[in-house]
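Before any comments, here is the structure.
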Amino acid sequence: MDESSRPPVEEPIFEIEGVSKRFDATQALDDVSLQLMPGEVHGLVGENGAGKSTLIKIMTGIYRADEGRMVMGGEPFEPADAAAAQDSGVAAIYQEPSIFPDLTVAENIFIGHQDRGWLVDWKKMMSDAAYLLATLDIDADPAMPAAGLSVAGQQAVEIAKAISLDTKVLIMDEPTAALSAHEVDRLFSQVRSLRDRGVAVLFITHRLDELFVICDRISVFRDGRHISTRPVADVSEESLVREMVGRDPSDFFAREDHPAGDVVLAVDELSLAGKFADVTFEVRRGEVLGFAGLVGAGRTDIGLALFGIAPADRGTVRLDGEPIIISSPNQALANGIAYMSEDRRGLGLSMSQSVAANITLATLERYTRRFGFVDRAAEEADAATLSERLGIKTPGLATPVGNLSGGNQQKAMLAKWLNAEPRVLILDEPTRGIDVGAKADVHKFIDELARSGIAIIVISSDLPEVLAMSDRVAVMREGRLRAILTKEDATQERVMETAVGVV
Amino acid sequence: MAEWVRTHRWEALMLVVVAITIVVNALLSPFYLGLDNFVNLFWLSNEKIIVALIMTFIIISGEIDLSVSSVMGFSAAVMATLHEIEAVPFGVAVLGGLAAGALAGLTQGLVITRFGLPSLVVTLAGLIGFRGGARVLMEDESVGDFPAWFDTMGQQKIAGPFPVALLIFFVGLAVAWVLLERSALGRKVYVTGNSADVARYSGVDVDGLKLRLFTVSGLVSGVAGVLFAARLGSVRGSLAEFFELDIITMVLLGGVSIFGGVGSMLGVALAIFAVLNIRNGLGLANVDGIIQTGVIGSLLIGSVLVPNLAQRVRVRSRRLSRAHAPP
Amino acid sequence: MTGSSTSAVRRMRPDRIKELTLLGIIAVTVVVFGLLIDGYLSGRFFNRVSTSVVIVAILAAAQALVIVSRNIDLSVGSTVGVAAYLTADFLTANQWASPALAILVAMAVGAVFGSFNGLLVAYGKVPAIIVTLGTLALFRTVISLYAGGVNVVAGDLPDWVLDFNNVTIFSIRGFDLRMVFVIAVFVVFILQWALRRLRVGRRLYAIGSNPDAAEQASLAAPRLIFLSFVGSGALAGLAGFMFMIRAGTISATAGAGLELEAVAAAVVGGVSIFGGSGTIFGSFLGAVLINTLELSLVRVPAVSEFWRDATLGILILAAVILDATLHRRFSRRLTREIAGAEDDLGPIPATPALEGGGAADG
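Residue numbers (numbering that gives the first Met the number 0), protein chains in the order written: chain Y, 0 to 502; chain F, 0 to 326; chain X, 0 to 361.
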């Protein structure tokens, strides 16, 4: 077929048809369909957990869909792995680019090119790279190691790589998250030049304003389902937010109001360079303070600062009115502040250790007797009590915690921090990746804890959850606390608008 | 029993290996099965097996210490050098040797924790550097003439058939066993080796723990070096050279994972016994020392390779059974 | 770094900077010893260094080859012994053999033993340190079994063997250019070229620089790692040949301890122990520096000859700490730039809800 015989209406370059994907308890993608046109920038938005990452991983061959199929240029598209997807013209650029820091910029652009003979033609590679970088208006020396580049520079290198590989479909996953305003402008001009070359760009971002600057069409995902796809002219920030949220909160545990006590923790102008700035809030006895916001808004960093993993560099923290200094987890624990990580596997549990050992890990000193012996009877008694209280299903307390189901692991992690008898308990994504039953258990338990007088901070990207569980909701965006809403004021729309910056 | 075997597969395997080596040794020599011979068996490798105890902690915590044999030599050399000085009482010289060992370990621990360097490289530098230190101190001389009590400690059987030095191993084994599997410290060692991040996020002072482990590793190597000097009756710059191979082999053969977090003192104790039996049996069969070393080297590789391959077979069969399962 | 005056420095590759720094250190070392020792800067001394550096220089290249992909080869010393012994044995039986054939035999022997390491590391997934610590002992055992306590003595070897070390290509005022030195330099050039110009060479760097990204890009990591160990073995074989012509009499313990010197030379030569960076030229300069120091220290009366190992240990530690510090500076700079990006945040919008929320709860 020659150029002239092409129909004027363009065919989609890439089609996703009825794709579904399930992980144990979660339906990550549910019968999703999407079409990408050549030469369009297609925005994709959705809450955390809406299924965007899963879609990227299926498109780039990292996961395989349970159902449905993908079509590229009229042919079925079934990549075996990321390299195969890249060879057939589908590539992804992530928020943190995966580069080879010791290799030169030029090599990073061209290393993926397979089967081009034995020799590296440095001169040609350098001039090709210089040409590519120049057309993209990227100020980088192709002969320097990529380690010297900023994040923006590394992304630019990945864009150059995509062009050199003749990429047809380029997925950009929150590429602007770590960029300054000036760098974002430059990135956009690079994206436009990609578009002008006929590349279909799938652009994922949490910054809604960016969508209107760069995108031709915008799709919204929610709970693993495709909600809408419209030309940018037909959508407003408000309509997007409405479509992104709109989940039914009725399946959540309904908390009864109960009065909060005195202020336990007061945080004043807390800052950590590059993470968060001037954060001020307080939590009371028996209160649940929710932290809403997008991933990377600085919520976890505040948790880590209060727990002494990455201490703040400015501001004060008061406990019962007394200023305290927290420079290590030990100090935090001594002050009654506990932090439950969102990363169960990497940071939360010691998987090959027993359930009991994990539950007592943060409080080992309490069970340490003369000569450093661990009093295993006392340890197991406490572990048994907590295990029963939380309803942890395990063959035994000596079972390695890694053998438990996700929900029970989560409960074991919660038990570990309860055992520390904290006065302030920070829970980071307490129900991520666990099934509905376990989720309800955890919610019920958080309520019980609050009633018993613990001040609780819940960091959650699950909007209905954070609204159902919290007495007040703090909303963060880009490292700053933008609002603290009362339960009455905190609607899904209001919180999401604040989180994405539609005001 | 079946339950124990299921949860202690490697220890069970080691038990079988030990049993086989006992039988083979007994067949090779009619004298093997005597108490005196067993005492000798351990005594002749006493210094290595003492260091293997602390090496178990180090490897379970996810690190490695390649410098132990050089630190042994260095400590003994410091002791001998101090002994040469008239004004220094011998007790002080011994303490000096032990302090040198602890200091060597502390230095390496500081470099590892402060600069975030892999212990592999730092202790490789230590392996070369502290051996160099021993050579500088001793040159090509041999220093002996230690007080009688010192030689007695190293050479005489005091408590029944046991030399004092050997008692140190058995007491050490008991202490290490309890510490590793019953104490808070041991718990932290396992958790750190399993994931240093989880440990940190649970309030464990990971850097402090590593610093302590490397310092104690230096101190224990110092003790072993001094004991070796007592047993030999003299010190040379090459004292304890190349011991690290046997020591690390004993620990890994004992089922301790080179990646940290996994292992037991029982496994290491059995592996120590197995290695000693193998060396003894090879000796009885008139096998040359250098060939024995090759056997140990093969054991070292095998102790990591075999679990790796087993793991891969298990993963593959699981994948196969999943593939054949009905949809 | 800003301003045009620094742009020349900025444009220089870090590897080149490392190499020039080493050259500078070598020059300073020579000058300092020249001032300390009378008649230090003589042709004889140059000839001694240039012949004795050959073995370590080749082994350092072998080590660099595996370290760039985040591995290590502690068995090179034993491989030297194996290759030296077997080659000497071969020459005893085949007196007619030429030097080129002998070199080929030595390298083939080394490659076979290296492939054993490569197999276990690349496909058995056993850490290189464990494999090569084991084969350090195992290879030595193989040679002992083969030798059965018999040494190959110089008298049994063809006549050219012992003369080979002194074959001089040309000589200017006592400064000889020896054949062995030329071979070593040739090897260094070939390898430097291969690692820089061959696609597989660059991939080896990529694997060491970011193993996860390398796997994502399907860079065939196991096969390349296997080949790098075969190469390391072959080079150790060549070093074995050099050992043979130097020693004449070959026992089963030939080459023991050389592995540590090789690692030291590579690391001091700027080959990063974290993988991904360093050059063969650098490792060569590292070998030259270490060798010069060793041969020079011996001639300073106040310093005992036993300082050798201690110096090596200190040099390695210094090189590694320096490397780690540079590494960290790079990553810190990156995070600072990310931080800078967030500092660009616009002014905080006034949020009446902030006070409202607090008050409503009181």
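In this text, a Cβ means the ideal position worked out from N, Cα and C, and glycines have one as well.
Inset, instruction - Name, please, each residue of chain Y whose Cβ falls closer than 7 Å to the Cβ of X/ALA216. - result: Your numbering for residue 216 of chain X matches position 217 in the third sequence. Those are ALA82, ILE110, GLY111, listed as they occur along chain Y.
Inset, instruction - For the alpha helix (DSSP H) containing F/LEU34, list its first residue and its last residue. - result: The residue given as residue 34 of chain F occupies position 35 in the second sequence. Looking at the DSSP string, the run of the alpha helix (DSSP H) that includes F/LEU34 is 34-42.
Inset, instruction - Report the three-state DSSP secondary structure of Y/MET36 (helix, strand or coil). - result: Taking the first sequence and counting its residues from 1, the one referred to as residue 36 of chain Y is at position 37. Y/MET36: coil per DSSP, three-state reduction.
Inset, instruction - Can you check DSSP and say which residues form a bridge with Y/GLY42? - result: On the first sequence, residue 42 of chain Y is found 43 positions in, with the first residue counted as 1. Answer by DSSP bridge pairing, in chain order: Y/PHE202, Y/ILE217.
Inset, instruction - Alpha carbon to alpha carbon, how far is Y/ALA82 from Y/LEU43? Give it in angstroms, no decimals. - result: Indexing the first sequence from 1 puts residue 43 of chain Y at position 44. Indexing the first sequence from 1 puts residue 82 of chain Y at position 83. C-alpha separation (whole angstroms): 24 Å.
Legend entry - Cβ pair count under 8 Å reaching 3, the stretch 132-142 of chain X against the stretch 76-94 of chain X: yes
Legend entry - Cα-Cα separation, F/TYR31 to F/ASN39: The residue labelled residue 31 of chain F in the question sits at position 32 within the second sequence. The residue labelled residue 39 of chain F in the question sits at position 40 within the second sequence. F/TYR31 and F/ASN39: Cα-Cα distance of roughly 10 Å.
Legend entry - Own chain, CB closer than 8 Å to Y/ARG479, minus 5 neighbours either side, in chain order: Position 480 of the first sequence, counted from the start, is the residue given in the question as residue 479 of chain Y. Here the set comprises PHE275, ALA276, ASP277, VAL278, GLY297.
Inset, instruction - Examine the Cβ distances between the stretch 85-105 of chain Y and the stretch 117-136 of chain Y and report whether three or more of them are shorter than 8 Å. - result: yes
Legend entry - Inter-stretch contact (C-beta, 8 Å, three-pair minimum) for the stretch 373-384 of chain Y and the stretch 207-221 of chain F: no
Legend entry - Pairwise C-alpha distance: Y/ALA377 and Y/GLY395: Numbered from 1 along the first sequence, position 396 holds the residue referred to as residue 395 of chain Y. Numbered from 1 along the first sequence, position 378 holds the residue referred to as residue 377 of chain Y. In a straight line, the C-alpha of Y/GLY395 is about 16 Å away from that of Y/ALA377.
Inset, instruction - Mind checking which residues open and close the alpha helix (DSSP H) that includes Y/SER192? - result: For the purposes of this step, residue 192 of chain Y is taken as the residue at position 193 of the first sequence. 180-195 is the span of the alpha helix (DSSP H), which, as asked, contains Y/SER192.
Legend entry - Nearest-angstrom Cα separation, counted from Y/ALA304 out to Y/SER505: This structure cannot settle anything about residue 505 of chain Y, because the visible part of chain Y is limited to 0 through 502.
Inset, instruction - With 7 Å as the threshold, decide whether the Cβ of Y/GLY119 is near any Cβ in chain X. - result: As a first step, residue 119 of chain Y is located in the first sequence; it is residue number 120 there, counting from the start. Residue identity check: residue 119 of chain Y is Val in the sequence provided, not Gly. Closer than 7 Å: yes.
Legend entry - Partner residues on chain F for Y/PRO75, Cβ-Cβ distance less than 8 Å: Here residue 75 of chain Y refers to the residue found at position 76 when the first sequence is read from its first residue. Ordered by position in chain F, no residue passes the 8 Å Cβ test against Y/PRO75, which lies about 21 Å from the chain.
Inset, instruction - Identify whether X/ARG201 lies in helix, strand or coil by the three-state DSSP scheme. - result: Stepping through the third sequence from its first residue, residue 201 of chain X is reached at position 202. It is helical.
Inset, instruction - Whole angstroms is fine: what's the gap from Y/VAL240's alpha carbon to Y/ILE170's? - result: Within the first sequence, numbered from 1, the residue matching residue 240 of chain Y stands at position 241. Within the first sequence, numbered from 1, the residue matching residue 170 of chain Y stands at position 171. When rounded, the distance between both Cα atoms is 22 Å.
Legend entry - Minimum Cβ-Cβ distance from Y/PRO310 to chain X less than 7 Å: On the first sequence, residue 310 of chain Y is found 311 positions in, with the first residue counted as 1. No, no contact with chain X.
Inset, instruction - Report yes or no: is there a C-beta of chain Y within less than 7 Å of the C-beta of F/ASN307? - result: Taking the first residue of the second sequence as position 1, residue 307 of chain F is located at position 308. So, not an interface residue.
Inset, instruction - Can you check the stretch 92-177 of chain F for any alpha helix (DSSP H) of at least 4 residues that lies completely inside it and give the ranges in chain order? - result: 118-137, 147-154
Inset, instruction - Consider the Cβ of F/VAL314: report whether some Cβ of chain Y lies at a distance smaller than 7 Å. - result: If you number the second sequence from 1, residue 314 of chain F lands on position 315. It does not; no Cβ of chain Y falls within 7 Å.
Legend entry - X/GLY281 - DSSP class collapsed to helix/strand/coil: For the purposes of this step, residue 281 of chain X is identified with residue 282 of the third sequence, where counting begins at 1. Looking at X/GLY281 - three-state DSSP - the assignment turns out to be helix.
Inset, instruction - Output the residue ranges of the alpha helix (DSSP H) runs that lie fully inside the stretch 198-284 of chain F and measure 4 residues or longer, sorted by chain position. - result: 205-231, 242-252, 264-283
Inset, instruction - Go ahead and label X/ALA323 buried or exposed: buried means 16 or more other beta carbons lie within 10 angstroms of its beta carbon, across all protein chains shown. - result: If you number the third sequence from 1, residue 323 of chain X lands on position 324. Buried, because 16 or more other Cβ atoms sit within 10 Å of the Cβ of X/ALA323.
Inset, instruction - Just grab the DSSP bridge partners of Y/LYS20 for me. - result: One-based indexing of the first sequence puts residue 20 of chain Y at position 21. Answer by DSSP bridge pairing, in chain order: Y/LEU28.
Inset, instruction - Assess, as a yes-or-no matter, whether the stretch 234-246 of chain F is touched by the stretch 10-24 of chain F under the definition of 3 or more beta carbon pairs within less than 8 Å. - result: no
Legend entry - Cβ contact (3+ pairs, closer than 8 Å) linking the stretch 290-300 of chain X and the stretch 32-52 of chain X: yes
Inset, instruction - Measure the beta-carbon distance from F/SER74 to F/GLY100 and round it to whole angstroms, keeping in mind my assumption that it falls under 8 Å. - result: As a first step, residue 74 of chain F must be located in the second sequence, where it is residue number 75. As a first step, residue 100 of chain F must be located in the second sequence, where it is residue number 101. At roughly 4 Å, the Cβ-Cβ gap stays under 8 Å, so F/SER74 and F/GLY100 are in contact.
Inset, instruction - Please work out which residues of its chain come closer than 6 Å, Cβ to Cβ, to F/GLY61, disregarding the five sequence neighbours upstream and downstream, and give them in chain order. - result: Sequence index remark: in the second sequence, residue 61 of chain F carries index 62 (1-based). So the qualifying residues of the chain are GLY192, GLY259.
Legend entry - Beta-carbon neighbours of Y/GLU106, restricted to chain X and to distances below 9 Å: Translated into positions along the first sequence, residue 106 of chain Y becomes position 107. What Y/GLU106 touches in chain X: ARG201, TYR204, ALA205.
Legend entry - C-beta atoms of F/ALA270 and F/GLY253 nearer than 7 Å: Numbered from 1 along the second sequence, position 271 holds the residue referred to as residue 270 of chain F. Numbered from 1 along the second sequence, position 254 holds the residue referred to as residue 253 of chain F. Contact flag set, yes.
Legend entry - Range of the contiguous beta strand (DSSP E) that encloses Y/GLU173: Your numbering for residue 173 of chain Y matches position 174 in the first sequence. Looking at the DSSP string, Y/GLU173 is not in any beta strand (DSSP E), and its letter there is neither H nor E.
Legend entry - Own chain partners of Y/ASP525 with C-beta closer than 6 Å, once the 5 adjacent residues on each side are dropped: Chain Y is shown only over 0 to 502; residue 525 of chain Y falls outside these bounds and no answer can be derived.
Inset, instruction - Helix, strand or coil for X/PRO13, going by three-state DSSP, please let me know. - result: On the third sequence, residue 13 of chain X is found 14 positions in, with the first residue counted as 1. If DSSP states are grouped into helix, strand and coil, X/PRO13 belongs with the helices.
Legend entry - Paired residues, beta bridge with Y/PRO144 - DSSP: Walking along the first sequence from the start, residue 144 of chain Y turns up at place 145. DSSP output for Y/PRO144 lists Y/THR103 as bridge partner(s).
Legend entry - X/ARG308 at chain F interface by Cβ criterion, 7 Å: Counting from 1 along the third sequence, the entry for residue 308 of chain X is found at position 309. According to the sequence displayed, residue 308 of chain X carries Asp and not Arg. Chain F contact via Cβ: present.
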